[in-house]
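In terms of the numbering used here, the sequence shown is residues 1413 to 1488.
Glycine included, every Cβ here is placed at the ideal spot set by N, Cα and C.
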Amino acid sequence: MVEALRAVAAGRGVPPARVAPAWLLGKQPVAAPITGATRPGHLDDALAALDLPLDAEEAARLEAPYTPRSPCGYAW
């Protein structure tokens, strides 16, 4: 998944830290991802993601390597 993230970011000429929240912002019902910023640059990347809409192909490239799994370790 990291390689797909890096490839999409390289194609856009931006850091992967901008692409990840941009992808999340494109998912519904997400309205505001929670971003932990420990350095000013982290906040800059998170804010820049607002102006980085991903197209359907980019989103598909990011999602292709993911294998959904059921939660485990939870007692109901």
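Taking a C-beta distance under 7 Å as the contact criterion, D1463 and A1429 do not qualify as a contact pair.
G1438 sits in coil when the DSSP states are folded into three classes, being neither helix nor strand. Contact annotation, G1438 with P1465: C-beta distance approximately 7 Å; criterion of less than 8 Å satisfied. In the structure shown, the three-state DSSP call for D1456 is helix.
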